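**Q** Below: one structure in structure tokens.
Number of protein chains: 4
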Amino acid sequence: MLKGYTLPLSPEGEANIVPTPPWHYSGDVLAIEFWTDPQAAAACLPPGLKADQCADGHALGLFVDWQFTAQDDEFLDPAKYQYREFYVLVDAVWRDTPVAWCPYIYVDNDAAMGRGWIQGYPKKLASVFQTRSFAAASPAAAPIAAGTTFAGSMSVHGRRAAAGRVTLRKQVPELPAALLRPTVNRRYFPRLTAGQHDQPSVNELTMAVNDDFKFANCWVGEGKIALPKTAGEELDALAPMRVGSGYRFSMSCTIKDLKILDGLGS
Amino acid sequence: MLKGYTLPLSPEGEANIVPTPPWHYSGDVLAIEFWTDPQAAAACLPPGLKADQCADGHALGLFVDWQFTAQDDEFLDPAKYQYREFYVLVDAVWRDTPVAWCPYIYVDNDAAMGRGWIQGYPKKLASVFQTRSFAAASPAAAPIAAGTTFAGSMSVHGRRAAAGRVTLRKQVPELPAALLRPTVNRRYFPRLTAGQHDQPSVNELTMAVNDDFKFANCWVGEGKIALPKTAGEELDALAPMRVGSGYRFSMSCTIKDLKILDGLGS
Amino acid sequence: MLKGYTLPLSPEGEANIVPTPPWHYSGDVLAIEFWTDPQAAAACLPPGLKADQCADGHALGLFVDWQFTAQDDEFLDPAKYQYREFYVLVDAVWRDTPVAWCPYIYVDNDAAMGRGWIQGYPKKLASVFQTRSFAAASPAAAPIAAGTTFAGSMSVHGRRAAAGRVTLRKQVPELPAALLRPTVNRRYFPRLTAGQHDQPSVNELTMAVNDDFKFANCWVGEGKIALPKTAGEELDALAPMRVGSGYRFSMSCTIKDLKILDGLGS
Amino acid sequence: MLKGYTLPLSPEGEANIVPTPPWHYSGDVLAIEFWTDPQAAAACLPPGLKADQCADGHALGLFVDWQFTAQDDEFLDPAKYQYREFYVLVDAVWRDTPVAWCPYIYVDNDAAMGRGWIQGYPKKLASVFQTRSFAAASPAAAPIAAGTTFAGSMSVHGRRAAAGRVTLRKQVPELPAALLRPTVNRRYFPRLTAGQHDQPSVNELTMAVNDDFKFANCWVGEGKIALPKTAGEELDALAPMRVGSGYRFSMSCTIKDLKILDGLGS
Chain A
0 MLKGYTLPLS
10 PEGEANIVPT
20 PPWHYSGDVL
30 AIEFWTDPQA
40 AAACLPPGLK
50 ADQCADGHAL
60 GLFVDWQFTA
70 QDDEFLDPAK
80 YQYREFYVLV
90 DAVWRDTPVA
100 WCPYIYVDND
110 AAMGRGWIQG
120 YPKKLASVFQ
130 TRSFAAASPA
140 AAPIAAGTTF
150 AGSMSVHGRR
160 AAAGRVTLRK
170 QVPELPAALL
180 RPTVNRRYFP
190 RLTAGQHDQP
200 SVNELTMAVN
210 DDFKFANCWV
220 GEGKIALPKT
230 AGEELDALAP
240 MRVGSGYRFS
250 MSCTIKDLKI
260 LDGLGS
Chain B
0 MLKGYTLPLS
10 PEGEANIVPT
20 PPWHYSGDVL
30 AIEFWTDPQA
40 AAACLPPGLK
50 ADQCADGHAL
60 GLFVDWQFTA
70 QDDEFLDPAK
80 YQYREFYVLV
90 DAVWRDTPVA
100 WCPYIYVDND
110 AAMGRGWIQG
120 YPKKLASVFQ
130 TRSFAAASPA
140 AAPIAAGTTF
150 AGSMSVHGRR
160 AAAGRVTLRK
170 QVPELPAALL
180 RPTVNRRYFP
190 RLTAGQHDQP
200 SVNELTMAVN
210 DDFKFANCWV
220 GEGKIALPKT
230 AGEELDALAP
240 MRVGSGYRFS
250 MSCTIKDLKI
260 LDGLGS
Chain C
0 MLKGYTLPLS
10 PEGEANIVPT
20 PPWHYSGDVL
30 AIEFWTDPQA
40 AAACLPPGLK
50 ADQCADGHAL
60 GLFVDWQFTA
70 QDDEFLDPAK
80 YQYREFYVLV
90 DAVWRDTPVA
100 WCPYIYVDND
110 AAMGRGWIQG
120 YPKKLASVFQ
130 TRSFAAASPA
140 AAPIAAGTTF
150 AGSMSVHGRR
160 AAAGRVTLRK
170 QVPELPAALL
180 RPTVNRRYFP
190 RLTAGQHDQP
200 SVNELTMAVN
210 DDFKFANCWV
220 GEGKIALPKT
230 AGEELDALAP
240 MRVGSGYRFS
250 MSCTIKDLKI
260 LDGLGS
Chain D
0 MLKGYTLPLS
10 PEGEANIVPT
20 PPWHYSGDVL
30 AIEFWTDPQA
40 AAACLPPGLK
50 ADQCADGHAL
60 GLFVDWQFTA
70 QDDEFLDPAK
80 YQYREFYVLV
90 DAVWRDTPVA
100 WCPYIYVDND
110 AAMGRGWIQG
120 YPKKLASVFQ
130 TRSFAAASPA
140 AAPIAAGTTF
150 AGSMSVHGRR
160 AAAGRVTLRK
170 QVPELPAALL
180 RPTVNRRYFP
190 RLTAGQHDQP
200 SVNELTMAVN
210 DDFKFANCWV
220 GEGKIALPKT
230 AGEELDALAP
240 MRVGSGYRFS
250 MSCTIKDLKI
260 LDGLGS
């Protein structure tokens with residue numbers, strides 16, 4: 000019998016690109032809140048979600064440096080299980096629940112891309128970086144302290160598609176609710192059979208289930224973000240009309256479940 | 000309405016990681032035939048396929064340099080649409096049809112990985128290279144001629160997992176049937192909902208449908224291949240007990256269909 | 000005794016980043032000729048070279064896919080010895096000799112970067128790609144034939160810094176002289192000793208010595224090139240005011256010598 | 000006048016691969032001490048250094064995650080100025096001074112490689128990773144605490160060439176002297192002129208000058224290190240016969256000077 004959670008299933012179950020959940024994550028986040036054209040925000044929503052009329056195009060751009068582990072000390076294989084991510088969240092409403100919709104997300108790791116597809120995060124590969132903070136004092140250290148600026152960047156196949164900055168001003172005990180809406184995604188797996196290219200095998204609206212959310216070292220300050228026009232991407236349609244606060248924080252969670260909200264048809 | 004064939008669906012339909020078929024490919028191939036332990040060959044087969052009793056563990060290792068295009072001149076964006084691939088094919092039987100089963104495959108491109116999942120090729124990312132042939136004569140040119148050796152290598156997250164060589168001996172008008180069996184794959188897309196991790200949303204045995212197969216510059220010669228033990232991979236279970244001929248050829252095809260052979264249960 | 004041509008010298012002489020010459024190269028080239036602002040062309044010249052008054056800012060942008068070998072069949076380690084390059088050549092005059100000066104050059108390989116520094120090519124790392132031509136007919140094949148377009152791109156640390164295209168029109172027996180001027184470079188190796196940062200250890204004007212230059216499959220057609228503004232680069236100062244012909248050809252040569260033209264002072 | 004510290008010199012001085020010193024660094028280090036064959040340790044020394052008779056083959060393997068900045072907030076361009084490094088230091092003696100000699104070093108960044116050559120560190124490109132510590136508690140967080148294991152790995156062009164682990168046991172106020180010997184390097188820049196390939200333009204024994212060395216969060220514990228045989232590398236000649244303690248710490252320094260110890264001849 001072949002074993003494993005994902006392809007490739009194999010005799011020992013060690014070759015699969017994504018090991019069996021639970022999946023554990025710990026990372027550092029730069030989050031920049033901004034307001035895009037409300038029509039553009041509405042235009043990227045899937046069936047089942049409505050525009051958030053109160054949001055006025057409110058969105059977030061997030062850069063994350065992640066470390067991942069499952070049950071086999073994967074964090075001791077950093078070449079394979081560290082990764083970096085950039086994504087956008089757009090305010091939306093599911094039935095009467097305020098949610099965050101993820102239209103675009105980019106990672107630099109294949110296992111993270113595979114997990115994303117399974118969750119409904121539409122991950123593509125990109126080069127993603129953020130300024131790190133180091134403990135030994137130096138002009139290169141970027142201490143977590145008032146006045147330090149952190150920068151993030153994301154490039155798709157050699158084209159710079161997102162850039163952000165956060166300048167820390169003050170530590171805060173917790174993040175504002177605007178950053179903590181439940182995330183809604185779309186699991187979507189197309190058919191290749193002729194005549195059925197638009198009849199996906201899987202097409203479900205889902206809500207992320209994150210256990211054990213923990214936050215540490217939360218700071219707020221000024222944010223900047225740019226989403227320049229890039230061939231093959233549509234991030235620029237969500238370019239900021241106004242930019243709000245920037246945040247830097249550490250975050251961890253565990254994932255082993257997913258809530259299916261609605262089937263969207265095949 | 001959101002558009003696109005794959006995630007992310009988007010207002011303009013330009014952001015999806017894999018554009019709508021047909022997909023056109025042209026590439027250069029190093030193929031090395033070998034015989035692995037027949038029990039190991041049988042152990043990697045999915046439900047619905049039987050070991051080929053006549054094959055005695057016959058398998059192929061293939062390195063391919065690919066150029067891809069869909070309908071929008073994607074070949075003019077080589078940073079995004081050229082890619083390199085290594086895969087293994089194992090002889091098997093579906094009902095009474097001799098087929099080739101793809102247990103493991105590696106690419107260096109996210110769009111290729113996405114297409115693979117949709118077809119049932121269990122693609123993971125790797126670094127893949129092969130010696131190229133250049134037209135201007137030089138000790139560096141590797142002409143397509145008797146006596147030239149071509150080498151291929153594949154590394155997964157920094158670990159060399161496959162290496163092959165083909166030394167050309169003579170041009171042949173066409174490839175032997177052993178290289179041309181129809182390829183069988185498994186479309187497999189798991190669920191993340193708690194309690195359903197082993198009940199995939201999609202689990203289908205499929206047969207690849209390749210239109211307009213063309214071959215050019217087919218040569219046969221000696222082959223060598225090594226599949227060393229590599230953490231997180233099970234290629235080494237298929238390591239060669241005996242190595243046969245090596246082939247180098249150019250190949251093109253178009254893909255816009257897939258034949259579903261059997262549902263394998265959810 | 001430690002052995003090797005370059006660092007790291009080592010007991011067996013196998014660790015050095017660049018093996019001992021002769022070095023053999025064979026590759027495919029996209030070359031686009033253009034005219035930049037003559038003042039910008041003059042501004043990038045080193046001491047010892049004068050602007051070519053007849054050139055009116057004439058320059059070339061070149062994308063090359065290279066395969067390299069020295070004496071140990073390095074072409075059989077394609078992961079290490081294939082590389083891709085983009086560079087600009089600007090018309091200039093040394094004493095009374097028309098020459099081509101290389102102000103900027105980018106490669107995707109460390110051994111190529113090391114060889115470049117030794118020759119005086121000021122190589123930095125970048126991602127470089129060009130459309131390839133494959134033998135098996137397909138919309139993805141890009142045959143070497145009238146009407147086919149080839150594209151090249153170059154990105155530095157995630158920022159697209161050059162893009163070019165050549166559409167083939169007709170095969171030519173040889174390349175025009177404007178593409179074949181001797182290349183002049185500057186070997187430059189700085190000191191780090193305090194107070195001597197502007198007193199380089201090596202500062203020499205050099206002329207490349209390429210043995211056994213061979214050309215094959217030379218085609219001419221229309222060219223396009225863009226050198227967009229990119230943080231940390233000054234290629235854009237040489238942006239085209241007018242673009243001329245585009246060329247595609249294969250080229251090989253052997254390098255084992257260098258002519259020192261002038262010492263430029265330390 | 001062209002400006003810059005390194006190639007390419009340019010009209011604005013912004014294109015050079017390495018900006019003008021001072022250079023500031025802050026990073027996280029995994030250091031594993033080991034004893035190799037004393038004859039192998041002696042065999043990798045340059046002229047001017049003697050084997051340390053008391054050292055019995057004592058050496059260090061170091062993985063470092065670095066952030067770099069010069070004078071222009073380079074730390075805000077993390078895609079370009081973060082990098083990772085692995086190197087080996089071997090105990091040696093210069094005249095009567097105990098020193099550490101760096102025979103082999105690998106980085107994943109071109110500017111770091113360029114700085115290394117200027118200092119005499121014989122840098123080549125590689126993929127280097129180490130387990131990171133994150134602030135938000137999780138099985139993926141790797142807290143800096145007794146019992147946590149950190150792993151490092153280094154691969155050269157797809158071949159795993161070094162792997163190490165450190166399991167933290169107790170925090171220490173400072174590092175032992177064995178880790179803090181002055182580092183000796185060899186600046187070496189060869190000639191390409193025919194007949195002079197073994198007569199380098201620069202060939203100097205140097206001692207690193209690191210200002211403002213700062214250490215933080217120093218921990219000691221068990222170490223492990225492997226230096227497997229790898230084509231094109233000679234690290235394996237220094238493979239450990241015995242492994243000692245492992246260390247994890249944060250470190251910063253500033254570099255703007257270099258001490259030339261001896262000319263080694265051209």
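Chains as they are written, first to last, in numbering that gives the first Met the number 0: chain A, 0 to 265; chain B, 0 to 265; chain C, 0 to 265; chain D, 0 to 265. No residue lacks a Cβ here, since even glycine has one placed at the ideal position from N, Cα and C. Quick caveat, the model's predicted, so the values are computed rather than measured.
(1) Could you give the DSSP three-state label for Ala-139/A: helix, strand or coil?
(2) Can you list, in chain order, the residues of its chain whose CB lies under 7 Å from that of Leu-44/B, leaving out five sequence neighbours each side?
(3) Apart from the five residues on each side of it in sequence, which residues of its chain come closer than 6 Å, Cβ to Cβ, to Tyr-103/D?
(4) List, in chain order, every chain D residue whose beta-carbon is nearer than 8 Å to that of Gly-231/B.
(5) Look up Phe-268/D in the DSSP assignment and say whether it is helix, strand or coil.
(6) Spell out a yes or no on whether the segment 8-21 of chain C and the segment 104-119 of chain C are touching, meaning 3 or more CB-CB pairs, one atom from each, closer than 8 Å.
(7) Look at the alpha carbon of Asp-109/A and the alpha carbon of Asp-109/B, and state the distance between them as a whole number of angstroms.
(8) Assign Asp-107/D to buried or exposed, taking buried as 16 or more other Cβ atoms, counted over all protein chains shown, within 10 Å of its Cβ.
(9) Who pairs with Ala-150/A in a beta bridge, going by DSSP?
(10) What residues from chain A crowd round Phe-188/B, counting only those whose CB sits closer than 9 Å?
(11) Buried or exposed, going by whether 16 or more other CB atoms sit within 10 Å of the CB of Arg-241/A?
(12) Relative to the C-alpha of Asp-197/A, which candidate in Leu-263/B, Ala-162/B, Lys-255/B has its C-alpha closest?
(13) With H, G and I counted as helix, E and B as strand and the rest as coil, what does DSSP make of Pro-239/C?
(14) Just to confirm my understanding: we take Ser-154/B, look at its own chain, exclude 5 residues before and 5 after, and list those with CB closer than 7 Å. What are they?
(15) Lys-169/C: buried (16+ other C-beta within 10 angstroms of its C-beta) or exposed?
(16) Around the Cβ of Cys-53/A, are there at least 16 other Cβ atoms within 10 angstroms (buried) or fewer (exposed)?
(17) With H, G and I counted as helix, E and B as strand and the rest as coil, what does DSSP make of Tyr-120/D?
(18) Select from Thr-68/B, His-156/B, Thr-182/B, Ala-136/B the residue whose C-alpha is nearest the C-alpha of Pro-97/B.
(19) Which first and last residues belong to the beta strand (DSSP E) in which Pro-37/C is found?
(20) Excluding five sequence neighbours on each side, which residues of the same chain lie with their C-beta closer than 6 Å to the C-beta of Lys-123/C?
(21) What do you get for Arg-94/D, buried or exposed, if any count of 16 or more other CB atoms within 10 angstroms of its CB means buried?
(22) Checking 7 Å against the spacing of the C-beta atoms, do Gly-151/A and Leu-29/A come in under that value?
(23) With distances taken from CA atoms, which of Thr-5/C, Val-208/C, Trp-34/C is nearest Ala-177/C?
(24) List, in chain order, every chain C residue whose beta-carbon is nearer than 9 Å to that of Ser-25/A.
(25) Relative to the C-alpha of Glu-84/D, which residue among Pro-21/D, Ala-140/D, Thr-5/D, Ala-162/D is closest?
(26) Taking all protein chains shown into account, do 16 or more other C-beta atoms lie within 10 angstroms of the C-beta of Val-89/C, making it buried, or fewer, making it exposed?
(27) Does the beta-carbon of Lys-79/D have 16 or more other beta-carbons within 10 angstroms, so that it is buried, or is it exposed?
(28) How about Ile-224/B and Pro-239/B: are their beta carbons less than 7 Å apart?
(29) Looking at the strands, I want to know which residues DSSP matches up with Met-250/A.
(30) List the endpoints of the continuous beta strand (DSSP E) containing Gln-66/A.
(31) Can you check whether the CB of Pro-46/B is closer than 7 Å to the CB of Leu-263/B?
(32) Quick check on Gln-129/A: buried or exposed, where buried means 16 or more other Cβ atoms within 10 Å of its Cβ?
(33) Determine, using beta carbons only, whether Leu-178/C comes closer than 7 Å to chain D.
(34) When the Cα atoms are used, what is the spatial distance from Thr-253/A to Gln-195/B?
(35) Which residues in chain C sit within 7 Å of Pro-138/B, going by Cβ to Cβ distance?
(36) So, is the C-beta of Tyr-103/B closer than 7 Å to a C-beta in chain A?
**A** The short version:
(1) Within the first sequence, numbered from 1, the residue matching residue 139/A stands at position 140. Residue state, collapsed to three classes: coil.
(2) As a position in the second sequence, residue 44/B is number 45, starting the count at 1. Beyond the five residues adjoining it in sequence on each side, Leu-44/B comes within less than 7 Å, by CB distance, of Ala-50, Ala-91, Trp-100 in the same chain, given in chain order.
(3) Position 104 of the fourth sequence holds residue 103/D. Val-87, Leu-234.
(4) The residue given as residue 231/B occupies position 232 in the second sequence. Here the premise fails: no neighbours, minimum Cβ distance about 12 Å.
(5) Chain D is shown from 0 up to 265; residue 268/D falls before or after that span and cannot be answered.
(6) yes
(7) By 1-based counting over the first sequence, the position of residue 109/A is 110. By 1-based counting over the second sequence, the position of residue 109/B is 110. Rounded to the nearest angstrom, the two C-alpha atoms are 8 Å apart.
(8) Translated into the one-based positions of the fourth sequence, residue 107/D becomes position 108. Buried is the call here.
(9) Indexing the first sequence from 1 puts residue 150/A at position 151. Ala-150/A is bridged to Arg-164/A.
(10) Residue mapping note: residue 188/B aligns to position 189 of the second sequence, counting from 1. Contact of Phe-188/B with chain A by beta-carbon distance below 9 Å involves Thr-5, Leu-6, Trp-116, Ile-117, Arg-186, Phe-188, Ser-200, Val-201.
(11) To locate residue 241/A, count along the first sequence from 1; it is residue 242. Arg-241/A comes out exposed.
(12) Residue numbering aside, residue 197/A sits at position 198 when the first sequence is read from its first letter. Selected option, being the one with the closest Cα: Lys-255/B.
(13) For the purposes of this step, residue 239/C is taken as residue 240 along the third sequence, with counting starting at 1. Pro-239/C falls in the strand class under three-state DSSP.
(14) To locate residue 154/B, count along the second sequence from 1; it is residue 155. Cβ neighbours of Ser-154/B beyond the five flanking positions: Ala-125, Ser-126, Ala-160.
(15) In the third sequence, residue 169/C corresponds to position 170, counting from 1. Lys-169/C is exposed by the Cβ-count criterion.
(16) Here the question's residue 53/A lines up with position 54 in the first sequence. By the beta-carbon neighbour count (other beta carbons within 10 angstroms, threshold 16), Cys-53/A is exposed.
(17) Here residue 120/D corresponds to residue number 121 of the fourth sequence, with the count starting at 1. In the structure shown, Tyr-120/D sits in coil (DSSP, three-state: anything other than H, G, I, E or B).
(18) The sequence position of residue 97/B within the second sequence is 98, counting from 1. Checked all of Thr-68/B, His-156/B, Thr-182/B, Ala-136/B; the closest Cα to Pro-97/B is Thr-182/B.
(19) Taking the third sequence and counting its residues from 1, the one referred to as residue 37/C is at position 38. No beta strand (DSSP E) holds Pro-37/C; the alpha helix (DSSP H) holding it covers 37-42.
(20) In the third sequence, residue 123/C corresponds to position 124, counting from 1. Contacts found: Tyr-105.
(21) For the purposes of this step, residue 94/D is taken as the residue at position 95 of the fourth sequence. Classification of Arg-94/D: exposed, given that the 10 Å Cβ count is below 16.
(22) The residue given as residue 151/A occupies position 152 in the first sequence. The residue given as residue 29/A occupies position 30 in the first sequence. Yes, the Cβ-Cβ distance between Gly-151/A and Leu-29/A is below 7 Å.
(23) Numbered from its first residue, the third sequence carries residue 177/C at position 178. For Ala-177/C, the nearest C-alpha among the options comes from Trp-34/C.
(24) Mapped onto the first sequence, residue 25/A falls at position 26. Those do not exist, as Ser-25/A stays about 25 Å from chain C at its closest Cβ, beyond 9 Å.
(25) On the fourth sequence, position 85 is the one that residue 84/D refers to. The shortest Cα separation from Glu-84/D among Pro-21/D, Ala-140/D, Thr-5/D, Ala-162/D belongs to Ala-162/D.
(26) Counted from its first residue, the third sequence places residue 89/C at position 90. Classification for Val-89/C: buried.
(27) In the fourth sequence, residue 79/D corresponds to position 80, counting from 1. Buried is the call here.
(28) The residue labelled residue 224/B in the question sits at position 225 within the second sequence. The residue labelled residue 239/B in the question sits at position 240 within the second sequence. Contact: yes.
(29) If you number the first sequence from 1, residue 250/A lands on position 251. Its beta-bridge partners are Gly-26/A, Phe-214/A.
(30) Position 67 of the first sequence, counting from 1, holds the residue named residue 66/A. Looking at the DSSP string, the run of the beta strand (DSSP E) that includes Gln-66/A is 57-68.
(31) For the purposes of this step, residue 263/B is taken as the residue at position 264 of the second sequence. For the purposes of this step, residue 46/B is taken as the residue at position 47 of the second sequence. Yes. Within cutoff.
(32) Reading the first sequence from its first residue, position 130 is the one you call residue 129/A. Buried, because 16 or more other Cβ atoms sit within 10 Å of the Cβ of Gln-129/A.
(33) Locating residue 178/C in the third sequence gives position 179, where the first residue counts as 1. Not an interface residue.
(34) For the purposes of this step, residue 253/A is taken as residue 254 along the first sequence, with counting starting at 1. For the purposes of this step, residue 195/B is taken as residue 196 along the second sequence, with counting starting at 1. Approximately 17 Å between the Cα atoms of the pair.
(35) By 1-based counting over the second sequence, the position of residue 138/B is 139. By Cβ distance, chain C contributes His-23, Thr-68.
(36) Along the second sequence, read from residue 1 onward, the residue named residue 103/B stands at position 104. Chain A, which has a Cβ nearer than 7 Å to the Cβ of Tyr-103/B, makes this yes.
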